[in-house]
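What follows is a single structure, written as structure tokens, with notes after it.
See the structure below:
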């Protein structure tokens with residue numbers, strides 16, 4: 046019976062509500078370093094994507110086609126392809142990318158974003174044309190919350 050009244054157990058099993066955070070994704074990304082978002086194309090090779098990720102010290106990169114967000118390429122998907130024995134110079138990003146990528150807009154409430162980040166770890170911020178402009182992760186939310194702490 047003690048685990049059913051333990052606060053941490055109740056939160057981890059979503060029996061208690063988290064505090065709704067005030068603000069928007071725009072508030073969160075204002076704190077981030079202002080630099081252009083690097084993306085890979087749908088038909089790029091995994092080899093090219095790996096080079097881009099290594100040069101920029103990324104663990105994930107958005108996948109676009111004609112500027113529009115289509116998915117995300119993460120280390121996990123690349124590793125699966127490499128371990129399967131496929132030639133990464135001939136394999137396209139399209140065959141390895143994850144199409145289920147959470148996307149939010151700058152006006153999305155942080156209270157909505159917090160659930161996405163807890164479940165997926167990251168979200169792509171898109172503009173009205175579905176072009177990716179930022180990636181937000183759990184650490185971005187942590188840093189934003191820390192800046193507001195008394």
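In our numbering, the protein residues as written are 46 to 195.
All residues carry an ideal CB built from backbone N, CA and C; glycine is no exception.
Under the three-state DSSP convention, the category residue i falls into
i	result
residue 187	helix
residue 99	helix
residue 167	strand
residue 133	coil
residue 138	helix
Cα-Cα separation between residue i and residue j, rounded to whole angstroms
i	j	result
residue 122	residue 142	7 Å
residue 212	residue 135	One cannot answer for residue 212 here, as it falls past the ends of the chain, which runs 46 to 195.
residue 129	residue 119	16 Å
residue 194	residue 157	20 Å
residue 95	residue 191	33 Å
residue 133	residue 124	10 Å
residue 184	residue 147	16 Å
residue 90	residue 109	13 Å
residue 162	residue 71	15 Å
residue 97	residue 166	21 Å
residue 181	residue 112	19 Å
residue 76	residue 84	21 Å
residue 137	residue 127	12 Å
residue 175	residue 103	21 Å
residue 79	residue 131	36 Å
residue 107	residue 66	26 Å
Short Cβ contact (7 Å threshold) for residue i with residue j
i	j	result
residue 117	residue 100	no
residue 155	residue 68	yes
residue 139	residue 87	yes
residue 73	residue 189	yes
residue 177	residue 114	yes
Assigned exposure category for residue i - 16 Cβ within 10 Å defines buried
i	result
residue 187	exposed
residue 160	exposed
residue 179	buried
### Query
Counting pairs of beta carbons, one from the stretch 164-183 and one from the stretch 133-152, are three or more of them closer than 8 Å?
yes
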